[in-house]
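S.K.: The following block contains the structure, expressed as structure tokens.
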Amino acid sequence: MYRLFWQMYYNTVFVDKLPGLSLIDILFDWDKLTGKSQLSGVYEEQMHKYFSHAQGRACFCAAYLITCYLLFLIFPFHWPTLVLFAGLALLLILVSFSPSALLSNGLSALAWLLLLTYGIIYALGLQEYWLLAFASAGTILQMVAPILWRKRKQVTRAALPRRRFVSLLLILILLPASFIPCLRYVILPQPAVYLASALWLMRTNAYRSSQLDWPQVIHNAEGMIQQARSSEDTYSTINYVLTSLGDHHSALIGAQQALDLSTGIGHGPGFLVEKVLATSWLQHKAVAVAFVFPGSSADRAGIKPGDIVTLLRRTPTEIKLLWQPGHSWQKKAISLDLRIPYAGELGTNGYRLADNIGYVNLYGTTGNAPQHYASQLQNLIKRLDTQPTCGWIIDLRLNTGGNIYPMLQGLGPILGAGSNLLSYVGPNGKVNVSFGYRNGAILIKGSPASFVPPLVPAYQPKIAQPPVALLISGNTASSGEGVLMAFLGRPATRTFGETTAGLSSSNITYQLIDGALLNIMSDIGMDRSGKVYGSTIQPDEAVKIDWSHYGTSQDPVIQRAERWLSTQAMCKASTAR
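Residue 91 in full-length UniProt numbering is what sits at position 91 of the sequence shown, and the numbering runs on without skipping anything.
Okay, structure coming up:
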């Protein structure tokens, strides 16, 4: 057995039999080594033909890289995927590792260097287009190498020791490189490496990156993690840098919280206050409760919309309220159990008002069923539009953001068709992405988004281009403001309520190695008319929100929007009939 493996190694390292000799060649010559044929003649001939040449190896490399990339997009933490990745990496070594070709072909060696760089980039969690660029460059070089370097030098006995040394060195370099992407999801890096990766992502992608003194920021950040023992210990430092950016939109979502978001589960007090930014209500010390999540600790404690929060203590968690059970104000201290889970996904609901007006309450969504959300929203519009609806009220007051695609897709029948309804521009003023809607499909830069399945059949409202009243508040944030901007500039559209949160921008989301999500504000919003935002959005008509009557017939914002819609031509005509 020892002699057999030595012959395989000797032939692999030292013999120039065919262009691109590899270990697979030796396996196909098994009958010469053992006197037995392990593969059928036809199969052996075809496999030998494909894998003995650099072009065949390059095709295998390309298929390997693309397959692994797609697998990790679909199943980023799926253990069978890791096993498959490891198997593919081993096959890459067996099929495409050819020491003689590497030594005699500089371009082929450069290709392997590019693939090694690919592994390092992937390990650090950097941008995907760099992965594709390096993988493509390596594959192309593997394919053109035999064409550019056809003459191969003969191997001499004097060169054998040098070949053996270089071959072993290449094995030590290339084998770990092939497994780096796999190890990225298994082995957590040291806190310093984790922080460096996050800092690089912020420095290269943040909209306000140019406003920071990065050498000083990095120096301060490194000093803050001297006692860190895990990636979680760096969260406060990363948040410090995000705060330094000053965009109020960039945020770090911890690993456990990110997992909860993906499943629609919420933890915490279980209520929203009138301003979405936590810093605002902690600084002002007294704010109104806007919404209480059903089943949350706040709901179980009897907290109601309209109650006034005067103090929040984190440890232990205690809420002090100034509340009004009847007509007299009373003070009350309540302790909340933050471990109680609740449904963080509220979906959407609505009803039909008098005078043929439809009301749609649109909460944000961050769950893993965007297609269901969009379909549910269009079905709601269809149900409310059984009789012709002359105008619509879209309530965004509790839309704190999330995935904008299902929101725009679900509202498409009311929003109307167009290829440039909402855009996001970078710090250089260039439009990086634009959104549109047509026949149930979301458009990205004018073309249907391949990753957002169209709704078939798409609902068409009985009255085209009806007037729309949009209700907004300090809780209208991020993608909620994105939906608002998609309507701004539309004919017969008016906004009511209070100033939005001021997060009318878009984030790039990166999943860090421990599962945490790093949201980096990269672009600011622009409506269909070309008006750029990026900060708070003022309502056309300011109306004080009474959260104790939110969504009811006594809601002053709904009443004001209903009065405006009744003055529009379509609703006047509908009332006359």
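We treat Cβ as the ideally placed atom computed from N, Cα and C, and that holds for glycine.
Spatial neighbours of P427 within its chain, please: C-beta separation below 6 Å, excluding the five flanking residues on both sides.
M.R.: Beyond the five residues adjoining it in sequence on each side, P427 comes within less than 6 Å, by CB distance, of Y207 in the same chain, given in chain order.
S.K.: Which partner residues does R438 have in the DSSP bridge list?
M.R.: A441
S.K.: Helix, strand or coil for L195? Go by DSSP, reduced to three states.
M.R.: helix
S.K.: I believe D395 touches P461 by the beta-carbon criterion, under 8 Å. Please report the beta-carbon distance rounded to the nearest angstrom.
M.R.: The pair is not a contact, with the Cβ atoms about 18 Å apart (cut-off 8 Å).
S.K.: Count the other CB atoms within 10 Å of the CB of V468; is the residue buried (16 or more) or exposed (fewer)?
M.R.: So V468 ends up on the buried side.
S.K.: Assuming V483 and M570 are in contact, meaning their beta carbons sit under 8 Å apart, how far apart are those beta carbons, in whole angstroms?
M.R.: Actually they are not in contact, since the Cβ atoms of V483 and M570 sit about 22 Å apart, beyond 8 Å.
S.K.: At what residue ranges does the stretch 461-487 contain a whole run of the alpha helix (DSSP H), taking only runs of 4 or more?
M.R.: Under the rule that a run must span 4 or more residues, the alpha helix (DSSP H) segments found entirely inside the stretch 461-487 read 479-487.
S.K.: Which complete alpha helix (DSSP H) runs does the stretch 505-539 hold, if anything under 4 residues is left out?
M.R.: none
S.K.: So, is V273 buried or exposed, given that buried needs 16 or more other C-beta atoms within 10 angstroms?
M.R.: buried
S.K.: Let's see if you can read the secondary structure: which residues bound the beta strand (DSSP E) around L398?
M.R.: Premise fails: L398 is in no beta strand (DSSP E) and is neither H nor E.
S.K.: Any idea if H219 is buried or exposed, counting beta-carbon neighbours within 10 angstroms, 16 or more meaning buried?
M.R.: With fewer than 16 other beta carbons inside 10 angstroms of its own, H219 counts as exposed.
S.K.: What three-state label does DSSP hand Y359 in the structure shown?
M.R.: strand
S.K.: Excluding sequence positions up to five away, which residues of its chain have a Cβ less than 7 Å from the Cβ of I463?
M.R.: P388, T389, C390, M570
S.K.: With contact counted as at least three CB pairs below 8 Å, one residue from each stretch, are the stretch 488-500 and the stretch 551-566 in contact?
M.R.: yes
S.K.: Do you know how far the Cα of N432 is from the Cα of P448?
M.R.: So the two alpha carbons sit approximately 16 Å from each other.
S.K.: Spatial neighbours of D527 within its chain, please: CB distance less than 6 Å, with the 5 preceding and 5 following residues excluded, ordered by chain position.
M.R.: M485, L488, G489
S.K.: Measure the Cβ-Cβ separation of L455 and S375 and say whether it is below 8 Å.
M.R.: yes
S.K.: Measuring straight from C-alpha to C-alpha, what distance separates S553 and K304?
M.R.: 18 Å
S.K.: Tell me whether S297 is buried or exposed, calling it buried when 16 or more other Cβ atoms sit within 10 Å of its Cβ.
M.R.: Buried.
S.K.: If we call anything under 8 Å between Cβ atoms a contact, is S505 one with D247?
M.R.: yes
S.K.: Can you check the stretch 213-239 for any alpha helix (DSSP H) of at least 4 residues that lies completely inside it and give the ranges in chain order?
M.R.: Runs found: 214-224.
S.K.: To the nearest angstrom, how far is the alpha carbon of G515 from that of T567?
M.R.: Near 52 Å, if we compare the C-alpha coordinates of T567 and G515.
S.K.: Could you check if A354 is buried or exposed, using at least 16 other CB atoms within 10 Å of its CB as the buried criterion?
M.R.: exposed
S.K.: Could you spell out the range, first to last residue, of the beta strand (DSSP E) harbouring L353?
M.R.: Bounds of the beta strand (DSSP E) holding L353 are 348-353.
S.K.: Is N379 helix, strand or coil by DSSP?
M.R.: helix
S.K.: Among A441, T234, P453, which one has its Cα closest to the Cα of A255?
M.R.: For the residues A441, T234, P453, the minimum Cα distance to A255 belongs to T234.
S.K.: Starting from Y424 and walking both ways along the beta strand (DSSP E), at which residues does that stretch end?
M.R.: DSSP places Y424 in the uninterrupted beta strand (DSSP E) bounded by 418-425.
S.K.: Relative to the alpha-carbon of E222, which residue among N379, G306, I442, V241 has its alpha-carbon at the smallest distance?
M.R.: V241
S.K.: Under DSSP, the alpha helix (DSSP H) around G412 begins and ends at which residues?
M.R.: Note, G412: alpha helix (DSSP H), 412-415.
S.K.: Let me make sure I understand the geometry here. Which of I545, L518, Q216, I442 has the alpha-carbon closest to that of A290?
M.R.: Taking only the C-alpha atoms, the option nearest A290 is I545.
S.K.: So, under 8 Å CB-CB, A301 and I238 are touching, yes? Tell me the CB distance rounded to an integer number of Å.
M.R.: Contact doesn't hold; Cβ gap of about 33 Å is too wide.
S.K.: Ordered along the chain, which non-local residues of its own chain (more than five positions away) have a Cβ less than 6 Å from that of S423?
M.R.: V431, S434, M526
S.K.: For L188, which residues from the same chain have a beta carbon less than 8 Å from its beta carbon, with the 5 sequence-adjacent residues on both sides left out?
M.R.: Any answer about L188 is weak, because its pLDDT of 45 lies below 50 and its placement is not dependable; what the coordinates show is given next. Excluding residues within five positions, the ones whose Cβ falls inside 8 Å are Y194, S230, S231, I513, D514.
S.K.: Looking only at C-alpha atoms, which of I414, F451, N439, G474 sits nearest to Q465?
M.R.: I414
S.K.: Just checking A573 against the ligand SAM - is the residue's beta carbon closer than 7 Å to any of the ligand's heavy atoms?
M.R.: Summarising the ligand content, the structure contains no ligands, and the ligand SAM is consequently not present.
S.K.: Can you tell which of S236, P191, P491, T243 has the C-alpha that lies nearest to the C-alpha of M521?
M.R.: T243
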